[in-house]
Amino acid sequence: MQGATLSPLLYNLYTSQILDYVNIPQVKILQFADDLLLYSENQSLNIAVNSINTALNKLQTYYRIFLKLEISSEKSSVLVFSKDPFAHTVNISYNNDKIPIVNHHKFLGVVVDDKLKFDKHIQYICQNAMKSINVMRSLAGTFWGSDPKTLNMLYKSIVRSHFDYSSLAYMNVNSTLLRKLDVIQNIGLRVISGAMRTTPINSMEVENCIPPLCLRCLQLAERFCLKELANENSVILDRVSYPVEITQSIEASSISTNTLISGLLPEIPTIMSYIKNLTNNNDLLYKLEKHVEFVWVPSHSGITGNEVVDEATRRDHDDDLTDSFKVPFTDYYMQIKIHLKRRWKEYWNYNTEILNKGQWYSEIQRDLPMIPWYNSFKYNNRKFITCINRLHVGHCCVPAHLKRKKIILDDNCTYCSKENADIKHVLFECEMFNIQRLLLASVISDVAEENSLSVPRRPRDLLSYRAFFLPVFKFISNTVEQI
Ligand SMILES: [Zn+2]
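Position one of the sequence shown corresponds to residue 1 (the UniProt record's numbering), numbered consecutively onward.
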């Protein structure tokens, strides 16, 4: 039935004998529901073409006689990957009709082209991603609309998912093509944070905790390889030519509890071997008719028998428990995440220290945050978050910055006419805001005392601590209104 949830599964079951009938060694078949793909790989183009034609004949018999189904040759297409100049003249036919030869074809959402440039696929995902970006734009402007926490989640689910899908296939293509995806991610980051167009990209990435796309691709590649390592029947790893670095602590042959967690908690191997013994003797547990619950108590303090457990732990820890329980490969995802953070930090340092991009922000935010600051802030007003984001990255509507970016001609303050009106001038110097500044100073000194902080003397000190964000926002609202 069209559109029913069970339809693809039922169709797969109905056609599940396909491999038995079309049993040609040189031809492989990929199928998901009614998307069917036959492919053959050979040094000789003629052998590959003949194999496919033989397979198609068998396929026709199977579909007609056993399944009572028809495949339309007009809706099918042939894609040839070859350097042979006559590759596009090959004759592959189904039901005596020649199947049209094309230079690209979409299979399961991936547009594959005959030169493997993936330019058509990148174009396709750009179009889809831009549609999703427009959805985000309709939900928020710079100072109004949805809060950045929601937009951040929305970006990851409806925009970045387009980049994630099939990223392994296109991650090594021409960098000019990949830059098109970066441009869309940057638009997304601006929509989330309300940042100005001139804002350094590396600062927006860190502020929103969204890694650069090239690092995200590597993270997904590592996850894929990890999954393949866990799969004993993997045939893909033998063919991976990209130098994928998983992490130093992961070895395919030693994925066991001992390697993963004994370094963290020496008690774990003891507990695991105890559980193993119990499960080996589960008949005894049934006979005793006892209900057994395993409860993890993270500390021995105040528990009788502490010394006995400690002694057992020491004894077991000395033994080589390489034959312990295997753990799911997803447990290693945290290692991959740590790896990503390390690479991102190196990239961040290179951009700020060598290329001098995002220096202002790097003095406020020394380390990569785990989550964006606004995610855990109770006051999630968009105007407030945009204001703090812009002050953080140092790109906001103050005359000095607008002049530097050649948006206006002079950098005089609109209120007191003094030159070089930058963030420091608005927050600390402009004499037209002296009354509001007195109020700000009083609140700031109270907040500093409550949180045992020193009273900030520079804009960067004022913007480094969450406790000062709300007083700063109120000062901006009462003076220049928007920044
Ligand atoms: Zn002024």
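Note that CB positions come from ideal geometry on N, CA and C, so glycine has one too.
Between which two residues does the beta strand (DSSP E) holding residue 29 run? Residue numbering aside, residue 29 sits at position 29 when the sequence shown is read from its first letter. Where residue 29 is concerned, the enclosing beta strand (DSSP E) stretches over 27–32.
Taking the DSSP output, what are the residues bridged to residue 140? Walking along the sequence shown from the start, residue 140 turns up at place 140. DSSP output for residue 140 lists 145 as bridge partner(s).
When every heavy atom of ligand 1 is checked, does at least one fall within less than 7 Å of the C-beta of residue 347? Stepping through the sequence shown from its first residue, residue 347 is reached at position 347. Not under cutoff, so the answer is no.
Say yes only if the C-beta of residue 418 is nearer than 7 Å to one or more non-hydrogen atoms of ligand 1, and no if none qualify. Along the sequence shown, one-based indexing puts residue 418 at 418. Yes, the Cβ of residue 418 comes within 7 Å of a heavy atom of ligand 1.
Suppose you measure from the CA of residue 5 to the CA of residue 109; what does that come to, to the nearest Å? Against the sequence shown, residue 5 aligns to sequence position 5. Against the sequence shown, residue 109 aligns to sequence position 109. For residue 5 and residue 109, the distance between alpha carbons rounds to 19 Å.
Is residue 397 a contact residue of ligand 1, with contact defined as CB to any heavy atom under 7 Å? Taking the first residue of the sequence shown as position 1, residue 397 is located at position 397. Checking every heavy atom of ligand 1 against the Cβ of residue 397, none is found closer than 7 Å.
In angstroms with no decimal places, state the Cα-to-Cα distance between residue 463 and residue 392. Sequence index remark: in the sequence shown, residue 463 carries index 463 (1-based). Sequence index remark: in the sequence shown, residue 392 carries index 392 (1-based). Going from the Cα of residue 463 to the Cα of residue 392 covers about 7 Å.
Alpha carbon to alpha carbon, how far is residue 24 from residue 54? Give it in angstroms, no decimals. As a first step, residue 54 must be located in the sequence shown, where it is residue number 54. As a first step, residue 24 must be located in the sequence shown, where it is residue number 24. Approximately 8 Å between the Cα atoms of the pair.
Give the secondary structure of residue 111 by DSSP, where H, G and I count as helix, E and B as strand, and everything else as coil. Taking the first residue of the sequence shown as position 1, residue 111 is located at position 111. Strand at residue 111.
Answer with buried or exposed for residue 188, where buried requires no fewer than 16 other C-beta atoms within 10 angstroms of its C-beta. Indexing the sequence shown from 1 puts residue 188 at position 188. The residue is buried, with at least 16 neighbouring Cβ atoms inside 10 Å.
Cβ-heavy atom distance between residue 421 and ligand 1 below 7 Å? Indexing the sequence shown from 1 puts residue 421 at position 421. Answer for residue 421: yes, Cβ within range of ligand 1.
Decide yes or no for the touch test of the region 164–179 against the region 115–134: beta carbon pairs closer than 8 Å, at least 3 of them. yes
So if DSSP puts residue 104 in a beta bridge, which residue, or which two residues, is it bridged to? In the sequence shown, counting from the first residue as 1, residue 104 sits at position 104. BP columns for residue 104 point to 113.
For residue 156 and residue 241, the rounded distance between their alpha carbons: As a first step, residue 241 is located in the sequence shown; it is residue number 241 there, counting from the start. As a first step, residue 156 is located in the sequence shown; it is residue number 156 there, counting from the start. Residue placement at residue 241 cannot be trusted, given a pLDDT of 47 that sits under 50; what the coordinates show is reported in the next sentence. Going from the Cα of residue 241 to the Cα of residue 156 covers about 29 Å.
For residue 94, write down the residues that DSSP places opposite it in a beta bridge. One-based indexing of the sequence shown puts residue 94 at position 94. Its beta-bridge partners are 97.
Can you list, in chain order, the residues of its chain with a C-beta nearer than 7 Å to that of residue 22? Leave out the 5 residues immediately preceding and following it. Here the question's residue 22 lines up with position 22 in the sequence shown. Counting only Cβ-Cβ distances below 7 Å, and skipping sequence neighbours, we find 29, 55, 58, 59, 62.
Pull up the CB-CB distance for residue 170 and residue 118, whole angstroms please, since I reckon it's below 8 Å. Along the sequence shown, read from residue 1 onward, the residue named residue 170 stands at position 170. Along the sequence shown, read from residue 1 onward, the residue named residue 118 stands at position 118. Correct: roughly 4 Å between the Cβ atoms.
Cα-Cα separation between residue 93 and residue 76, rounded to whole angstroms: Here the question's residue 93 lines up with position 93 in the sequence shown. Here the question's residue 76 lines up with position 76 in the sequence shown. If you take the alpha carbons of residue 93 and residue 76, they lie about 10 Å apart.
What's the gap between the Cα of residue 374 and the Cα of residue 380? Here residue 374 refers to the residue found at position 374 when the sequence shown is read from its first residue. Here residue 380 refers to the residue found at position 380 when the sequence shown is read from its first residue. Roughly 7 Å between the two C-alpha positions.
Spatial distance of residue 48 from residue 3 (CA atoms): Position 48 of the sequence shown, counted from the start, is the residue given in the question as residue 48. Position 3 of the sequence shown, counted from the start, is the residue given in the question as residue 3. Roughly 36 Å between the two C-alpha positions.
Name the one or two DSSP bridge partners that residue 36 has. Residue 36 sits at position 36 when you count from the first residue of the sequence shown. Bridge partners of residue 36: 31.
Could you have a look at residue 372 and say whether DSSP puts it in helix, strand or coil? For the purposes of this step, residue 372 is identified with residue 372 of the sequence shown, where counting begins at 1. Three-state result, residue 372: coil.
Considering only their Cβ atoms, is the gap separating residue 50 from residue 207 smaller than 8 Å? Numbered from 1 along the sequence shown, position 207 holds the residue referred to as residue 207. Numbered from 1 along the sequence shown, position 50 holds the residue referred to as residue 50. No, Cβ-Cβ distance for residue 207 and residue 50 is not below 8 Å.
DSSP-derived helix/strand/coil call for residue 159: Along the sequence shown, one-based indexing puts residue 159 at 159. It is helical.
Near ligand 1: residue 387 beta-carbon under 7 Å from a heavy atom: Taking the sequence shown and counting its residues from 1, the one referred to as residue 387 is at position 387. No.
What residues in its chain sit with their C-beta under 8 Å from that of residue 173, if we drop five residues either side in the sequence? By one-based count along the sequence shown, residue 173 stands at place 173. If we look at residue 173 and ignore the five residues flanking it on each side, its Cβ neighbours are 117, 118, 119, 122.
Residue 78, DSSP secondary structure in three states: Position 78 of the sequence shown, counted from the start, is the residue given in the question as residue 78. In the structure shown, residue 78 sits in a strand (DSSP, three-state: E or B).
N-terminal and C-terminal residue of the alpha helix (DSSP H) that residue 83 is part of: Within the sequence shown, residue 83 is the residue found at index 83, counting from 1. That residue, residue 83, is in no alpha helix (DSSP H); it is neither H nor E in DSSP.
Answer yes if the region 140–160 comes into contact with the region 345–357, meaning at least three C-beta pairs across the two stretches below 8 Å, and no otherwise. no
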